[in-house]
Amino acid sequence: MNKYLLVLFGLLFSSSVFAVGNSQGGKIVHIASVNDAILFNIAGNSESNRPACATTGRFSVHKDSVHASLVLTAFAADKTLANVRGLGTCHLWGNSEDLRWIEICPLSGCP
């Protein structure tokens, strides 16, 4: 019985790893700064696995994060994004997914 419970818990916790938001392509079309968070929307992208808390479809990043300058640069330069992933949480701003990583396409284009 204990083995079955361990397997059940293992499956539950391992499936939560895959519940992080993923965005492919698109461009940042809107940015807002609220308290210590930078919130941004991506348009022209395909999304999957966004958490239920991300009701606005936005991502959020702390203003002092290493990602913040990349987000602002991508917006200002109108750069195409390759891959953006979230953490599956909305801790910085209640309706926007916390950013895990952002990948900006090089001048030669996305792979």
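Just so you know, the sequence shown maps onto residues -19 to -1, 1 to 92 in mature numbering (1 follows the signal peptide of the UniProt record, and there is no 0). C-beta atoms are modelled at their ideal positions from N, C-alpha and C, and glycine is treated no differently.
Residues sharing a beta bridge with residue i, DSSP
| i | result |
| --- | --- |
| G67 | L80 |
| R31 | Beta-bridge pairing links R31 to no other residue. |
| L62 | I85 |
| F43 | The sequence as given places His at residue 43; Phe does not occur at that position. Note: H43 sits in a beta bridge opposite A18. |
| A49 | Answer is none; A49 lacks a bridge partner. |
| A24 | K8 |
Contacting residues, own chain, Cβ-Cβ under 8 Å from residue i (five flanking each side not counted)
| i | result |
| --- | --- |
| L53 | I12 and I19 |
| S14 | L20 and K44 |
| D59 | K8 |
| I85 | L51, T54, A55, K60, T61, L62 and A63 |
Three-state class that DSSP yields for residue i in the structure shown
| i | result |
| --- | --- |
| A18 | strand |
| L73 | coil |
| V10 | strand |
| Y(-16) | Interpretation of Y(-16) is limited by its pLDDT of 43, a score under 50 that renders its predicted location unreliable; no figure is taken from the coordinates. |
Neighbourhood of residue i by C-beta distance below 6 Å, restricted to the same chain and skipping five residues each side
| i | result |
| --- | --- |
| A24 | G7 and V10 |
| W82 | R66 |
Distance between residue j and residue i (C-alpha atoms, nearest Å)
| i | j | result |
| --- | --- | --- |
| S4 | H43 | 19 Å |
| L80 | G38 | 12 Å |
| G90 | N26 | 15 Å |
| G75 | A55 | 24 Å |
| E78 | S46 | 15 Å |
| A57 | V1 | 26 Å |
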